[in-house]
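Under my numbering, the first residue of the sequence shown carries the number 35, and numbering increases by one thereafter. Glycine included, every Cβ here is placed at the ideal spot set by N, Cα and C. Here is the structure we will look at.
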Amino acid sequence: MGKEIKVLQIITKAEWAGAQRIVYEICKMVKEYGNINMEVAVGEDGILKNKLEKDLGIKVHILRNLVHPINPFIDYKGYKEIKRLIKDNNYDVVHCHSTKAGILGRLAANKVGVKKVIYTIHGYWPILQYEGIKRKMAISLERYLAKKTTDLVLISKSDIELSKRMKIGNEKKYRLIYNKITVEKEKIEKGLLRKELNVDNNIKIIGNVSRIDNPKNPFLFIDIANEYLKNNDNVVFVWVGDGNLIQQVKNYVEKLNLKEKVKFIGFRENGIEYMKDFDLLLLTSSWEGVPITILEAIELKIPILSTDVGGIKEIIGKDSVFEAPNNISELIDKKLNSREITEYNYDNFVDYIKLYGID
Numbered sequence: 035m036g037k038e039i040k041v042l043q044i045i046t047k048a049e050w051a052g053a054q055r056i057v058y059e060i061c062k063m064v065k066e067y068g069n070i071n072m073e074v075a076v077g078e079d080g081i082l083k084n085k086l087e088k089d090l091g092i093k094v095h096i097l098r099n100l101v102h103p104i105n106p107f108i109d110y111k112g113y114k115e116i117k118r119l120i121k122d123n124n125y126d127v128v129h130c131h132s133t134k135a136g137i138l139g140r141l142a143a144n145k146v147g148v149k150k151v152i153y154t155i156h157g158y159w160p161i162l163q164y165e166g167i168k169r170k171m172a173i174s175l176e177r178y179l180a181k182k183t184t185d186l187v188l189i190s191k192s193d194i195e196l197s198k199r200m201k202i203g204n205e206k207k208y209r210l211i212y213n214k215i216t217v218e219k220e221k222i223e224k225g226l227l228r229k230e231l232n233v234d235n236n237i238k239i240i241g242n243v244s245r246i247d248n249p250k251n252p253f254l255f256i257d258i259a260n261e262y263l264k265n266n267d268n269v270v271f272v273w274v275g276d277g278n279l280i281q282q283v284k285n286y287v288e289k290l291n292l293k294e295k296v297k298f299i300g301f302r303e304n305g306i307e308y309m310k311d312f313d314l315l316l317l318t319s320s321w322e323g324v325p326i327t328i329l330e331a332i333e334l335k336i337p338i339l340s341t342d343v344g345g346i347k348e349i350i351g352k353d354s355v356f357e358a359p360n361n362i363s364e365l366i367d368k369k370l371n372s373r374e375i376t377e378y379n380y381d382n383f384v385d386y387i388k389l390y391g392i393d
């Protein structure tokens, strides 16, 4: 066994979403390596913190000044808080996830003199959501921070191409590492969602498990449901998740008189158990990296239909994505009646261990 390597992962939110799931999976993987001492810093208490501590015995630091909204005064305090944590614990590697943690964490790690600074880019929505001068400023900031990063991890080839087009970082720093999750399929039984909604087995369930916010575009999900339901009655559309648009989407559902057929049931920590009852996973995102929901659906052998964004087509193929919902009913019927199963053949997640300096 070689020298112990101390690694700190930093992420802003402690919710149970895509980037947080990857932090968890990395921590779970490093348990197999006795000479990696992994710790995590987050900006809040929450599900991620609880699962890291209870499931994996990972030490978690709460950074009260690491917050999602932009606030120069608090952000400066957050920077100092991260810098103090890194200095006090003498980490060999600092690995950042999410925008705010990526900014403050990389600046602090460089100031302290950490030799290995890694940043995983979980999609470019934080930049591409802006237009004009705001987008130019966001790109300029990311270019600057890339110079202070030893390894830029990208989760799809499409994000690598985006990085090149935006001239973010030296291409020699790019590391393509595909997302990976652990699914204990043998412990997941069908029927939980159908029982909760009192839906018979002869009714198809088309659903999504995701946050309800602008990047996920829940209004397109409702529009597609509205179109499909015009000629199909033996189906319900279900969205598992919560978010800042929850009231607006419920109002939209009510406006279209779809309450009996389109249901937003809120967040469930065991979302994959609800997904098990899906006959089709329908993603309507405007922006994505590679969503964890797709990897779960692949593991559960659930057909997938998605907007063509981020690295999704790279994973599920061109026949499972759409750009405009012009013939969406035809595509849904084809998926519901198909026996085709998507295989996931991208397994280089262990490359994170190599980045930490373990061969």
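Check for me: the alpha helix (DSSP H) holding Leu329 runs from which residue to which? By 1-based counting over the sequence shown, the position of residue 329 is 295. It spans 326 to 333 - the alpha helix (DSSP H) in which Leu329 sits, taken as one unbroken run.
Would you mind listing the beta strand (DSSP E) stretches within the segment 278 to 342 that are 3+ residues and don't spill past its ends, in chain order?
296 to 300, 314 to 317, 338 to 341
Gly305 versus Ile39, Trp50, Met171, residue with shortest Cα-Cα distance: Within the sequence shown, numbered from 1, the residue matching residue 305 stands at position 271. Here the closest residue by C-alpha is Trp50.
Query raised in the report: What residues match up with Ile45 in a beta bridge as DSSP calls it?
Result: Residue mapping note: residue 45 aligns to position 11 of the sequence shown, counting from 1. Ile45 is bridged to Val76.
Q) Taking Cβ positions, are Ile189 and Gly323 nearer each other than 8 Å? A) Translated into positions along the sequence shown, residue 189 becomes position 155. Translated into positions along the sequence shown, residue 323 becomes position 289. Yes, they are a contact pair.
Item to complete: Measure from the alpha carbon of Val343 to the alpha carbon of each residue in Glu330, Ala358, Ile336, then state which is nearest.
Response: By 1-based counting over the sequence shown, the position of residue 343 is 309. Taking each of Glu330, Ala358, Ile336 in turn and checking the Cα distance to Val343, the smallest one comes out for Ala358.
Worksheet item: Which runs of the alpha helix (DSSP H) spanning at least 4 residues fall entirely within the segment 173 to 204, listed in chain order?
Response: 191 to 199
Margin query: Between which two residues does the alpha helix (DSSP H) holding Val146 run?
Written below: The residue labelled residue 146 in the question sits at position 112 within the sequence shown. Here the alpha helix (DSSP H) through Val146 covers 133 to 146.
Problem - CB of Tyr67 within 8 Å of CB of Leu86, strictly - result: Stepping through the sequence shown from its first residue, residue 67 is reached at position 33. Stepping through the sequence shown from its first residue, residue 86 is reached at position 52. The answer is no: Cβ separation not under 8 Å.
>> Taking the beta strand (DSSP E) that Ile240 belongs to, which residues open and close that run?
In response: Sequence index remark: in the sequence shown, residue 240 carries index 206 (1-based). Looking at the DSSP string, the run of the beta strand (DSSP E) that includes Ile240 is 238 to 243.
Taking only the alpha-carbon atoms, compute the straight-line gap between Ile215 and Ile222 and give it to the nearest angstrom. The residue labelled residue 215 in the question sits at position 181 within the sequence shown. The residue labelled residue 222 in the question sits at position 188 within the sequence shown. Going from the Cα of Ile215 to the Cα of Ile222 covers about 15 Å.
Rounded to whole angstroms, what's the CA-CA distance from Asn123 to Glu195? Just pull it up for me. Start at 1 with the first residue of the sequence shown, and residue 123 comes out as number 89. Start at 1 with the first residue of the sequence shown, and residue 195 comes out as number 161. Between Asn123 and Glu195, the C-alpha separation is close to 36 Å.
Under the three-state reduction of DSSP, which class applies to Arg373: helix, strand or coil? Reading the sequence shown from its first residue, position 339 is the one you call residue 373. Residue state, collapsed to three classes: coil.
>> By the three-class DSSP mapping on this structure, what secondary structure does Ile161 have?
In response: For the purposes of this step, residue 161 is taken as the residue at position 127 of the sequence shown. Correct three-state label for Ile161: helix.
* Taking the alpha carbon of Leu316 as the point to measure from, which residue in Glu377, Ala259, Asp89, Asn248 has its own alpha carbon closest? -> In the sequence shown, counting from the first residue as 1, residue 316 sits at position 282. Selected option, being the one with the closest Cα: Ala259.
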